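To start, the structure itself, in structure tokens.
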Amino acid sequence: MTGAVAVVLAVVAGMVLAACAGPPEVTNQPDAHVAIQADCLDARVVRDLGLVPDEGGSAEPAGSGAVTPGGVPEDFAPVSVLVCSASGTLRSASGTWVAVTESRREGDLAPLLAALERPSQEPTGACEATAAVPTVLWLVDVLGRAVRPVWPTDRCGAPVADVHEALDALVETDTTDFPVERIVPSGPPSGR
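So the number in our numbering is just where the residue sits in the sequence shown, counting from 1, plus 636.
Below, the structure is given as structure tokens:
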């Protein structure tokens, strides 16, 4: 009886290891639509960064201008990158706002483009929970047109490190913080 249990456990362990260790399936994305310009304040970008709640699902209203991410079209020649990220809060006379940081980067884009070409892996097996910081990328061409590429993910759904490494190798040329949504209005003026 003990030998049978050991055989069953060995078979189950082998199946689990085979499922996790085998080559994962990959998912390719359709090409992204080329937008007139990159926009870190785009409705979908702000929502994807977690700065505003997703009210009403993922469908965008007609004419909203929101651009869906996808693969980089073969005929699109980017010369710079716009990185959008949540940046905490900003204070103004009207109150406290959640903010987005827009970071322009330039340099050799070949490593970034190669990293973005990697297909995402299908989720397989159990993974540790990770808290990936949402980041949205725009690739910008010489005319200012932009595409929002899909950031490839690993088998656990986390963004692949190759993209982070390629972004870190670029030179940041400009950074701007923008208010997105007021979360705390300013108080009434104090009397004198």
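The C-beta atom is built at its ideal place from N, Cα and C for all residues, glycine as well.
Bear in mind that the values here come from a model prediction, so they are computed numbers and not experimental data.
Check, Outcome
"Does the distance from the CB of Ser756 to the CB of Thr789 come in under 7 Å?", "yes"
"As a quick exercise: from Thr737, Thr725, Val807, Ala751, pick the residue whose alpha carbon is nearest that of Asp798.", "Ala751"
"So, for Thr732: in the same chain, excluding its five sequence neighbours on each side, which residues have a beta-carbon less than 6 Å away from its beta-carbon?", "Thr725, Ile819, Val820"
"Using the rule of at least 16 other Cβ atoms within 10 Å of the residue's Cβ for burial, across every protein chain shown, is Asp690 buried or exposed?", "exposed"
"Leaving out five residues before and five after Val778 in sequence, what residues of the same chain have Cβ atoms less than 8 Å from its Cβ?", "Ala713, Val715"
"Just confirm the distance between the C-beta atoms of Leu677 and Val708, as a whole number of angstroms; I'd bet it's less than 8 Å.", "Going by Cβ atoms, the distance from Leu677 to Val708 rounds to 22 Å, so no, they are not a contact pair."
"Just list the alpha helix (DSSP H) runs in the stretch 750-779, keeping only unbroken ones of 4 residues or longer that don't cross its boundaries, in chain order.", "none"
"What does a CB cutoff of less than 7 Å around Ala674 pick up in its chain, not counting 5 residues either side in sequence?", "Leu718, Trp774, Val776, Ala782"
"Do Glu764 and Val807 have their C-beta atoms within less than 7 Å of each other?", "no"
"On a CA-only basis, which of Ala722, Pro747, Pro666, Phe814 is nearest Asp804? Give me that one, please.", "Pro747"
"Do you know offhand how far Pro785's Cα is from Ala668's?", "6 Å"
"Ignore the nearest five residues each way along the sequence and tell me which others in Ser822's own chain have a CB closer than 7 Å to its CB.", "Ala729, Ser730, Gly731"
"Return yes when the Cβ of Gly706 is within less than 7 Å of the Cβ of Pro666, no when it is not.", "yes"
"Tell me whether Asp690 sits in a helix, a strand or coil according to DSSP, three-state version.", "coil"
"How many angstroms separate the CA atom of Thr737 from the CA atom of Pro815?", "9 Å"
"Sorted by chain position, which residues of the same chain lie with C-beta nearer than 6 Å to Val688's C-beta, five sequence neighbours on each side aside?", "Val682, Glu817"
"I'd like the list of long-range same chain contacts for Ser723, defined as Cβ closer than 7 Å, with 5 residues on each side in sequence excluded.", "Ala735, Val736, Thr737, Asp813"
"Mind checking which residues open and close the alpha helix (DSSP H) that includes Ala797?", "797-804"
"Would you give the residue range spanned by the beta strand (DSSP E) that Asp813 belongs to?", "807-821"
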